[in-house]
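What follows is a set of notes on a single structure, which appears directly below.
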């Protein structure tokens with residue numbers, strides 16, 4: 110299982126990419142869509158890690 114710090118780092122990197130990719134041409138819509146999906150799944154993972162008590 111990845112650590113919370115790793116997840117947060119990934120999340121911020123993806124967020125930065127996603128925000129900068131808004132300036133790209135319209136050919137990258139599919140890529141933007143994928144980045145948004147990745148961001149959402151990372152957000153959910155982070156939320157679960159924060160809200161759920163440790164399983165072990």
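In our numbering, the protein residues as written are 110 to 165.
Yeah, the Cβ is synthetic: ideal placement off N, Cα and C, and Gly gets one too.
Everything numeric in this text was worked out from a predicted model, so none of it was measured.
- Here residue 120 is actually not in contact with residue 144; their C-beta atoms are around 11 Å apart, not less than 8 Å.
- Inclusion of residue 155 and residue 116 in the CB contact set at 7 Å is warranted, their separation being smaller than that value.
- Straight across, the Cα-Cα distance linking residue 113 with residue 153 is about 12 Å.
- Within the model, the alpha-carbon separation for residue 148 versus residue 126 is close to 10 Å.
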